[in-house]
Amino acid sequence: MVSTITANLSEVRSRIAEAAQRTGRDPSTVRLMAVTKGFPRQTVIEALEAGASLFGENRVQEAETKFTDLAGRCETHLIGHLQTNKARAAAALFDCVQSIDSLHTAQALDARCEERGRTMDVLLELNTSGEQSKSGFPNRDELLAGLAEVEKLSRLRVRGLMTVGPLTEDERAIRASFVLLRSAFEELAPGRPGFDVLSMGMSSDFEIAIEEGATLVRLGTALFGPRSPR
Ligand SMILES: *Cc1c(COP(=O)(O)O)cnc(C)c1O
Numbered sequence: 001m002v003s004t005i006t007a008n009l010s011e012v013r014s015r016i017a018e019a020a021q022r023t024g025r026d027p028s029t030v031r032l033m034a035v036t037k038g039f040p041r042q043t044v045i046e047a048l049e050a051g052a053s054l055f056g057e058n059r060v061q062e063a064e065t066k067f068t069d070l071a072g073r074c075e076t077h078l079i080g081h082l083q084t085n086k087a088r089a090a091a092a093l094f095d096c097v098q099s100i101d102s103l104h105t106a107q108a109l110d111a112r113c114e115e116r117g118r119t120m121d122v123l124l125e126l127n128t129s130g131e132q133s134k135s136g137f138p139n140r141d142e143l144l145a146g147l148a149e150v151e152k153l154s155r156l157r158v159r160g161l162m163t164v165g166p167l168t169e170d171e172r173a174i175r176a177s178f179v180l181l182r183s184a185f186e187e188l189a190p191g192r193p194g195f196d197v198l199s200m201g202m203s204s205d206f207e208i209a210i211e212e213g214a215t216l217v218r219l220g221t222a223l224f225g226p227r228s229p230r
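Position 10 of the sequence shown, counting from 1, maps to 10 under the working numbering, and the rest follow consecutively.
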């Protein structure tokens, strides 16, 4: 319901502001993404009415039906692994792909953007948790090598970095994961105009991510409640 989403958005926004203020940051430097994976198009419409404007989906096909005709009304990012056979659809649909995890993926997306005569913002994803199940460049060195090549692709514009924290309650492990991403970000940002997005933090850990410098947090459960398993 719109009223529930409105209430959740307002609560989350105050938690974002408090986390930012704890570390002396301006809350307006943190963008809130509504992650609508697992929820129907109706949820997107309601979230739009409640004031959300940035959306995240982790599967191209699921997003295709959900965001038909909404292009002018919101910004949509892909946050899940992109299979190269979905690159054409991704180039048609998204404003940004946050989950570039290999040069191969980037090249496929660049080629499809070229076909459409468009450019696309991307983030490079780093696996900061060491969990095998997670996508992303496996370590910092491979990320740096990947970045050097992705920057040569004329249709992609690298805007920053993304990670998914570890699946644990251990706050120190979660913080360590975010610190790793931030230190890579701080190393790379100087001399790269427009490299200004640090996407980290989900419903269970976004306050830690903000304390560690996140400029974009990706929230599903905190806004829409639990997803049915799939
Ligand atoms: C599902 C997902 C989210 C949102 O997760 P919640 O815990 O529901 O907030 C954020 N980022 C990525 C990459 C996801 O796949």
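Even glycine gets a Cβ: it sits at the ideal position worked out from N, Cα and C. From a predicted model like this one, the values you see are computed outputs, not experimental measurements.
- Environment of ligand 1, chain-ordered: V35, K37, N58, I79, G80, V164, M202, S203, S204, R218, L219, G220, T221, A222, taking every residue with Cβ within less than 6 angstroms of a heavy atom.
- Sequence-distant Cβ neighbours of C113 in its own chain, meaning closer than 8 angstroms and more than five residues away, are A91, T119, M120, R155, L156.
- Per DSSP, the unbroken beta strand (DSSP E) holding F55 starts and ends at 54-57.
- Taking every protein chain shown into account, the CB of L143 has 16 or more other CB atoms within 10 angstroms, so this residue is buried.
- Excluding the 5 residues flanking it on each side, G38 has same chain C-beta neighbours closer than 6 angstroms at R227, in chain order.
- Around the beta carbon of G56, a 10 Å sphere encloses 16 or more other beta carbons of the protein chains shown; the residue is thus reported as buried.
- L219 is the residue among L219, T128, G24, V97 whose C-alpha sits nearest the C-alpha of R31.
- Per DSSP, reduced to three states, the secondary structure at G72 is helical.
- In this structure, F206 is the residue among D196, S10, F206 with its C-alpha nearest to the C-alpha of R175.
- The stretch 159-176 makes contact with the stretch 198-212; the number of CB pairs closer than 8 angstroms reaches 3 or more.
- For I5, no beta strand (DSSP E) encloses it; the enclosing alpha helix (DSSP H) starts and ends at 2-22.
- Distance from the Cα of N8 is smallest, within the candidate group A50, R41, S28, P40, for A50.
- For G80, the CB contacts under 7 angstroms within the same chain, skipping 5 residues up- and downstream, are N58, R59, S99 in chain order.
- Of S199, P229, A222, the smallest CA-CA separation from T29 is found for S199.
- Going by C-alpha positions, R192 is about 33 angstroms away from Q61.
- Counted as a single uninterrupted DSSP element, the stretch harbouring S183 is not any beta strand (DSSP E) but the alpha helix (DSSP H) occupying residues 171-188.
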